[in-house]
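*Asks:* One line per chain: the protein sequences are W and P, in this order.
Residues in the first sequence are numbered consecutively from 1, following this note's numbering.
Residues in the second sequence are numbered consecutively from 1001, following this note's numbering.
All C-beta atoms, glycine included, are put in the ideal place defined by N, C-alpha and C.
As the structure is a computational prediction, the values presented were derived from the model and not from experiment.
Got a structure here, written out as structure tokens. Questions coming.
There are 2 protein chains.
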Amino acid sequence: MREASSVPSSSAPTVRDVAVRAGVSPMTVSRTMSGGLNVRPEVQERVFKAVQELGYWRNHSARNIRLGRPSGLVGIVVTNIGNPYYGEFALGIEGIAEEYGRQIVVGNTGEDPGRERELLTDFAARQIEGVILVPAGNGLELPGSNRLAHVPLVLASRTIDGLAADTVLVDDIEGARSGTQCLLDDGHTRIAFLGDAAGISTTRRRLHGFSTALSIAGIAQEEVLQVPCRDAPTAQSEVARLLNAADPPTAFFSSNNRITVGALRAICEYRNAHPGFPVPALACFDDVELADLLQVPLVVMSHDPKELGEQAARLLFDRLAGSVPAEPRDVRVAVTIHRY
Amino acid sequence: MREASSVPSSSAPTVRDVAVRAGVSPMTVSRTMSGGLNVRPEVQERVFKAVQELGYWRNHSARNIRLGRPSGLVGIVVTNIGNPYYGEFALGIEGIAEEYGRQIVVGNTGEDPGRERELLTDFAARQIEGVILVPAGNGLELPGSNRLAHVPLVLASRTIDGLAADTVLVDDIEGARSGTQCLLDDGHTRIAFLGDAAGISTTRRRLHGFSTALSIAGIAQEEVLQVPCRDAPTAQSEVARLLNAADPPTAFFSSNNRITVGALRAICEYRNAHPGFPVPALACFDDVELADLLQVPLVVMSHDPKELGEQAARLLFDRLAGSVPAEPRDVRVAVTIHRY
DNA sequence: CTGTTAGCGCATTCAT
DNA sequence: ATGAATGCGCTAACAG
């Protein structure tokens, strides 16, 4: 076992400490750390030896300040890193950020606009070069774009009313419309919409696609079949309630992966309690791992969250490079339909 | 729509820019930004106005350098942020980090030790205060602890041979043993172990628990039933192969959530192809969402990855506070068994 | 090849 | 209550 005490408890050494130990000037240390141009090899070795012994790390912050360079950090602010969707999303960003030699600072809002504001201001103060944001709620608490001045902002998945920024959205409306059409094709006419349509712009757009399909088919939308739910547990209990009420829907539309999980639990429970009955169908936005094995009639409106992240990152790095006109750009990620 | 062009393209303003605009000295700006002690309210207002107009953000890096303060950043390096397990893990860390006013920098190794080394050195250079690491592979490529001097390191989930550092582990051995015992209690005697036991320390420990249970029961372990697999697709094909071979196992032990997903796919496919046959059982380490609904006989060896993250973060912040003896500390996260 | 000077953005200390 | 000088860790630019 290496000694834990080999980690010095004193504060980090500086160029000067290394210089003293190596018997050279700070500049020689600096030059050596930058590749050793115009430093005699033997002197470099002395420097490296001192670096090793002291456990010296060049202070990146100080270096960036001196060179007038940016921090090399990009921020990503999501509503819930615990959601596998945002894990994939972050993975997509990470891949592109690595190409550009940037590291990622991750913030989690938990759908709290106050926390979001904190994170964004903190990120700006940390000289973070740009932020990819999945806005919490409808983003009313977001500081004005002028407050984030000099820090390019890319919105992903959700929009903010009145804020013109580079944005990547999923093709929510058309995706939801064609997913709903699949249910209609199967003969369903009583379809419940599961989602908090009042809040998040994404859910509103998915509801819009859903409603469009119904309207075209000439089906009236009943109030009682539009069920607000925020997470898996509420979705589960709401679906259970509907299934056990009079005149239950024969199919459900789930507006995101958390709601899908809850809905599937309720549907499976219902199926097990009512063998022989037809199993309620589910059209769900986003993939959920293993859902296709559940033997529930499924229409998945699928897209790749990793691609969403990649597109967002590309928008951001294009913006940072200044290689792009001032007008905000819009990118749309396609949705594909799968049936199980 | 707010004007996108309201974001100035010039570089970020400094205290001096604000001072000029407000007609004061840089010190007055600095004082105002730090709470306004000893600055007349009307002067403060002029400063704030200039701050607003210029979109000024205090440079956190420069401030930290001047004050001799640490960066306020902690690093977390995992093998795959796309894995929901590590999403929960990161969520746990984030919660604690927020308590301590720190932001999180996330790196993804993709199980590549070279990338891991890059990330750790980069983090050290960024003056990151400490790192929580899930080592890739068996971590042979990790720079010696002396190379990470002054940057406390906490290992999570996996160990590194010969490195004494603060560590949080899951109770792998006992968890695996008692999970395996459940299969034995159900009468299974031919159980295949799925996992790459040569590489990762975690899998080795889980295999150890598995083997212990078998030994105690007096069951010999056949070579052919120890199946190396790294991810869901390989697990799926390996399980399919075993099930369709002569004398197939009646149960499987999956050593992590990725392998579980593959194994469940193969088992469900087998079940659908062979109605009436007994469904192979699965003991799996880690939770997988919806797995409990699949009607496959399941023993889940479960723990909370969020708790793993929280414990790791506590070890790190204790270490940063210096409130703890020099010897490395060890924490163990409990495993509970659930059957479905 | 190497060292000295100066300054990045900021804030402590000391003046006024 | 405000400003000037000084220095944090680092490195261009300029000596020598």
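Using a C-beta to C-beta distance shorter than 8 Å, which residues of chain P count as neighbours of SER71/W?
*Replies:* Along the first sequence, read from residue 1 onward, the residue named residue 71/W stands at position 71. Within chain P, the residues near SER71/W are SER1061.
*Asks:* Does DSSP classify ALA1004/P as helix, strand or coil?
*Replies:* Mapped onto the second sequence, residue 1004/P falls at position 4. For ALA1004/P, the pLDDT reaches just 32, beneath the cut-off of 50, and the residue's location in the model is therefore unreliable, although a value from the coordinates is still provided. Helix, per DSSP.
*Asks:* Quick check on SER1061/P: does DSSP put it in helix, strand or coil?
*Replies:* For the purposes of this step, residue 1061/P is taken as residue 61 along the second sequence, with counting starting at 1. Helix, per DSSP.
*Asks:* Does the beta carbon of ILE96/W come closer than 8 Å to any beta carbon on chain P?
*Replies:* Taking the first residue of the first sequence as position 1, residue 96/W is located at position 96. Not closer than 8 Å to any Cβ of chain P, the Cβ of ILE96/W fails to qualify, so no.
*Asks:* Between GLN1052/P, HIS1060/P, ARG1066/P, which lies nearest to LEU73/W when the distance is taken from Cα to Cα?
*Replies:* Against the first sequence, residue 73/W aligns to sequence position 73. If we check each option's Cα against that of LEU73/W, HIS1060/P comes out closest.
*Asks:* Hey, is LEU1194/P's beta-carbon within less than 8 Å of any beta-carbon in chain W?
*Replies:* Numbered from 1 along the second sequence, position 194 holds the residue referred to as residue 1194/P. By this cut-off, LEU1194/P is not an interface position.
*Asks:* Name the chain P residues that come within less than 8 Å of TYR86/W, Cβ to Cβ?
*Replies:* As a working note, residue 86/W is residue 86 in the first sequence. In chain order: GLY1087.
*Asks:* Which residue comes first and which comes last in the beta strand (DSSP E) that contains LEU1298/P?
*Replies:* Along the second sequence, read from residue 1 onward, the residue named residue 1298/P stands at position 298. 1298–1302 is the extent of the beta strand (DSSP E) around LEU1298/P.
*Asks:* VAL77/W by DSSP, collapsed to three states: which one?
*Replies:* Reading the first sequence from its first residue, position 77 is the one you call residue 77/W. It is a strand residue.
*Asks:* Three-state secondary structure (DSSP) at VAL1335/P?
*Replies:* The residue you call residue 1335/P lines up with position 335 of the second sequence. If DSSP states are grouped into helix, strand and coil, VAL1335/P belongs with coil.
*Asks:* For the stretch 150–182 of chain W, list every residue whose C-beta sits within 9 Å of some C-beta in chain P, in sequence order.
*Replies:* Residues passing the 9 Å Cβ filter: HIS150, VAL151, PRO152, LEU153, GLY162, LEU163, ALA164, ALA165, ASP166.
*Asks:* To the nearest angstrom, how far is the alpha carbon of PHE1341/P from that of GLU1307/P?
*Replies:* This structure gives no information on residue 1341/P, because the portion of chain P shown stretches from 1001 to 1340.
*Asks:* Whole angstroms are fine: how far does the CA of GLU1310/P sit from the CA of ASP161/W?
*Replies:* Here the question's residue 161/W lines up with position 161 in the first sequence. Here the question's residue 1310/P lines up with position 310 in the second sequence. When rounded, the distance between both Cα atoms is 36 Å.
*Asks:* Since SER254/W is in the beta strand (DSSP E), which residue starts that stretch and which ends it?
*Replies:* Position 254 of the first sequence, counted from the start, is the residue given in the question as residue 254/W. Start and end: 251–254.
*Asks:* Under the three-state reduction of DSSP, which class applies to SER323/W: helix, strand or coil?
*Replies:* Reading the first sequence from its first residue, position 323 is the one you call residue 323/W. Reduced to three states, the DSSP call for SER323/W is coil.
*Asks:* Just how far apart, CA to CA, sit PHE1123/P and ARG1319/P?
*Replies:* Taking the second sequence and counting its residues from 1, one reaches residue 1123/P at position 123. Taking the second sequence and counting its residues from 1, one reaches residue 1319/P at position 319. Distance between the alpha carbons of PHE1123/P and ARG1319/P: 17 Å.
*Asks:* Give a yes or no on whether the C-beta atoms belonging to ILE1216/P and THR1189/P are separated by under 8 Å.
*Replies:* Residue 1216/P sits at position 216 when you count from the first residue of the second sequence. Residue 1189/P sits at position 189 when you count from the first residue of the second sequence. No.
*Asks:* To which residues of the same chain is THR1260/P closer than 6 Å at the C-beta, ignoring the five residues directly before and after it?
*Replies:* Stepping through the second sequence from its first residue, residue 1260/P is reached at position 260. These residues qualify, in order along the chain: SER1254, CYS1284, VAL1288.
*Asks:* Measure the CB-CB distance between ILE1267/P and VAL1299/P and report whether it falls below 8 Å.
*Replies:* To locate residue 1267/P, count along the second sequence from 1; it is residue 267. To locate residue 1299/P, count along the second sequence from 1; it is residue 299. Result no, Cβ atoms of ILE1267/P and VAL1299/P do not sit closer than 8 Å.
*Asks:* Quick one: what's VAL1024/P bridged to in DSSP?
*Replies:* To locate residue 1024/P, count along the second sequence from 1; it is residue 24. Looking at the DSSP assignment, VAL1024/P forms no beta bridge with any residue, so it has no partner.
*Asks:* Across which residues does DSSP place GLN226/W in a beta bridge pair?
*Replies:* Position 226 of the first sequence holds residue 226/W. GLN226/W pairs with PHE193/W.
*Asks:* Let me know the secondary structure DSSP gives ARG1147/P once reduced to three states.
*Replies:* Here the question's residue 1147/P lines up with position 147 in the second sequence. Below a pLDDT of 50, predicted positions are generally treated as unreliable, and ARG1147/P, at 48, falls in that range; the measurement from the model is reported next regardless. Here ARG1147/P sits in helix by DSSP.
*Asks:* In the DSSP assignment, the beta strand (DSSP E) including ALA283/W goes from what residue to what residue?
*Replies:* Here residue 283/W refers to the residue found at position 283 when the first sequence is read from its first residue. Here the beta strand (DSSP E) through ALA283/W covers 281–285.
*Asks:* Taking the alpha-carbon of ARG58/W as reference, which of LEU1133/P, ASP1112/P, ARG1126/P, THR1234/P has the nearest alpha-carbon?
*Replies:* Working through the first sequence from its first residue, we reach residue 58/W at position 58. Looking at the Cα atoms, ARG1126/P is the closest of the given residues.
*Asks:* If we ignore side chains and look at the alpha-carbon of each, how far apart do ASN1146/P and GLY55/W end up?
*Replies:* Taking the first residue of the second sequence as position 1, residue 1146/P is located at position 146. Taking the first residue of the first sequence as position 1, residue 55/W is located at position 55. Note that ASN1146/P scores 40 on pLDDT, short of 50, meaning its location in the model is unreliable and no value can be drawn from it.
*Asks:* Just the C-alpha distance for VAL1039/P and THR1028/P, rounded to the nearest angstrom, thanks.
*Replies:* For this step, residue 1039/P is matched to residue 39 along the second sequence. For this step, residue 1028/P is matched to residue 28 along the second sequence. Taking the straight line from one Cα to the other gives about 7 Å.
*Asks:* Please classify GLY1107/P: does DSSP put it in a helix, a strand, or coil?
*Replies:* By 1-based counting over the second sequence, the position of residue 1107/P is 107. Three-state DSSP puts GLY1107/P in a strand.
*Asks:* Among residues of its own chain, excluding the 5 on either side of GLU1269/P, which ones have a beta-carbon nearer than 8 Å to its beta-carbon?
*Replies:* Here residue 1269/P refers to the residue found at position 269 of the second sequence. Answer for GLU1269/P: ALA1240, listed in chain order.
*Asks:* One question on the structure: do ILE104/W and VAL1154/P come within less than 8 Å of each other, judged by their Cβ atoms?
*Replies:* Locating residue 104/W in the first sequence gives position 104, where the first residue counts as 1. Locating residue 1154/P in the second sequence gives position 154, where the first residue counts as 1. Contact flag unset, no.
*Asks:* Go to ASP1122/P, then tell me how far its alpha helix (DSSP H) extends in each direction, as first and last residue.
*Replies:* As a position in the second sequence, residue 1122/P is number 122, starting the count at 1. It spans 1113–1125 - the alpha helix (DSSP H) in which ASP1122/P sits, taken as one unbroken run.
*Asks:* What do you get for ARG1046/P, buried or exposed, if any count of 16 or more other CB atoms within 10 angstroms of its CB means buried?
*Replies:* For this step, residue 1046/P is matched to residue 46 along the second sequence. The residue is buried, with at least 16 neighbouring Cβ atoms inside 10 Å.
*Asks:* Could you check the C-alpha separation between PRO1135/P and SER211/W for me, to the nearest Å?
*Replies:* Counting from one through the second sequence, the residue named residue 1135/P turns up at place 135. Counting from one through the first sequence, the residue named residue 211/W turns up at place 211. Taking the straight line joining both Cα atoms gives about 49 Å.
*Asks:* Consult DSSP for ASP172/W and reduce its assignment to one of helix, strand or coil.
*Replies:* What you label residue 172/W is simply residue 172 of the first sequence in a count that begins at 1. ASP172/W: helix per DSSP, three-state reduction.
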